[in-house]
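Participant: All residue numbers for the sequence shown refer to this note's numbering, where the first residue is 16 and numbers rise by one.
By construction, the Cβ of each residue, glycine as well, lies at the ideal position given by its N, Cα and C atoms.
First, the structure itself, so that you have it in front of you.
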Amino acid sequence: MLRASHQGGNIVVEVSDDGAGLSRDKLLSKAAEKGVPLPDNPSPKEVWQLIFAPGFSTAEQVTDISGRGVGMDVVRRNIEQMNGRVEIDSEPGKGTRIVIRLPLTLAILDGMSVRMGDEIFILPLTAIRESVQPRREQAKTISGKGRVFQVGGDYLPLVELDRLFSRGRRRTALEEGIVVIVDTNEGRAALLVDELMAQHQVVIKSLETNYRKVEGVSGATIMGDGRVALILDVDELMRLNRKFGFSTAIPEAREQAHD
């Protein structure tokens with residue numbers, strides 16, 4: 016089934032079928048064979064995201080249209096270059112659903128400015144779910160997994176911007192900052208910043224075209240006071256957080272935190 020709709024500032028394209036669905040075991044087996052890193056006990060979303068990895072394919076034979084592992088990788092890269100997002104969900108025996116979200120105006124972004132030290136960053140409004148004034152006891156450290164943040168009965172990966180982008184400065188204590196809950200391709204995450212500032216409509220400038228690719232950043236913009244602010248890519252921030260070993264998506268965190 017193919018369906019398109021207008022939701023907020025996005026065009027949403029949904030493609031779904033009623034087939035066999037994705038095979039979790041097959042994807043994990045191929046990931047192990049290719050040495051693709053994954054956390055212990057990965058969540059379904061983390062497993063489904065494997066189909067977007069470069070060179071990843073479960074096809075037994077290479078043909079003109081399958082088996083080379085380049086199709087879905089190119090799809091996601093092109094969508095992200097347009098500041099869009101692709102999400103996938105699958106249920107064995109019932110089918111697969113892929114949702115593509117693209118902003119109506121590709122050069123303009125509705126964002127929220129956040130401060131980390133002397134630097135200003137922009138978070139896409141479409142990724143923000145809520146903001147929280149944190150308490151120290153809401154942060155937990157899970158053995159071998161890193162830091163998580165408790166929201167209700169859930170434990171979310173804690174992404175500390177100062178550890179990713181401002182390593183020369185004093186780290187922000189949890190209770191001194193603001194936690195922004197964001198939606199990523201891997202589920203919700205908690206983003207710790209110094210201050211939540213204001214909502215803006217910004218013009219996106221490509222860093223890759225004018226400078227080079229910067230991990231965790233989808234572009235830049237010039238603020239009203241002339242300062243340059245980096246536009247954050249929440250999905251890349253999750254990957255960076257894992258890369259530096261600060262935290263991962265943790266499906267079993269609830270149980271471990273209560274042990």
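In the DSSP assignment, find the beta strand (DSSP E) that holds S31 and state where it starts and stops.
Facilitator: Locating residue 31 in the sequence shown gives position 16, where the first residue counts as 1. Here the beta strand (DSSP E) through S31 covers N25 to S31.
Participant: If you count every other CB in all the chains shown that lies within 10 Å of the CB of N93, and 16 or more means buried, which is it?
Facilitator: Walking along the sequence shown from the start, residue 93 turns up at place 78. Label assigned to N93: exposed.
Participant: Let me know the secondary structure DSSP gives F259 once reduced to three states.
Facilitator: By one-based count along the sequence shown, residue 259 stands at place 244. DSSP places F259 in coil when its eight states are reduced to three.
Participant: In this structure, does DSSP put I219 in helix, strand or coil?
Facilitator: Within the sequence shown, numbered from 1, the residue matching residue 219 stands at position 204. Of the three classes helix, strand and coil, the one that applies to I219 here is coil, per DSSP.
Participant: Using DSSP with H/G/I as helix, E/B as strand and the rest coil, what is V51?
Facilitator: Within the sequence shown, residue 51 is the residue found at index 36, counting from 1. V51: coil per DSSP, three-state reduction.
Participant: Just list the beta strand (DSSP E) runs in the segment 95-141, keeping only unbroken ones of 3 residues or longer that don't cross its boundaries, in chain order.
Facilitator: Whole beta strand (DSSP E) segments, 3+ residues: 100-106, 110-118, 123-131 and 134-139.
Participant: Report the partner residues of T156 according to the DSSP bridge assignment.
Facilitator: On the sequence shown, residue 156 is found 141 positions in, with the first residue counted as 1. R162, per the DSSP bridge assignment.
Participant: Under 9 Å, do I196 and I143 count as touching if we go by C-beta distance?
Facilitator: For the purposes of this step, residue 196 is taken as residue 181 along the sequence shown, with counting starting at 1. For the purposes of this step, residue 143 is taken as residue 128 along the sequence shown, with counting starting at 1. Result yes, Cβ atoms of I196 and I143 sit closer than 9 Å.
Participant: What residues in its chain sit with their C-beta under 7 Å from that of G110, if we drop five residues either side in the sequence?
Facilitator: By 1-based counting over the sequence shown, the position of residue 110 is 95. Once the five neighbours on either side are set aside, the close Cβ partners of G110 are S31, D32, D33, G34 and G36.
Participant: Quick check: the segment 189-209 against the segment 232-252, are there 3 or more CB pairs under 8 Å?
Facilitator: Yes, the segment 189-209 is in contact with the segment 232-252.
Participant: When the Cα atoms are used, what is the spatial distance from I80 to L43?
Facilitator: Position 65 of the sequence shown, counted from the first residue, corresponds to residue 80. Position 28 of the sequence shown, counted from the first residue, corresponds to residue 43. Note that I80 has pLDDT 46, beneath the 50 cutoff, so the model's placement of it is unreliable and no number is given.
Participant: Keeping to the same chain, check which residues put their C-beta closer than 8 Å to that of E270; ignore five residues upstream and five downstream.
Facilitator: In the sequence shown, the residue the question calls residue 270 occupies position 255. Its pLDDT being 39, under 50, E270 is placed unreliably in this model, and the value from its coordinates should be taken loosely. Result list for E270: empty, nothing under 8 Å.
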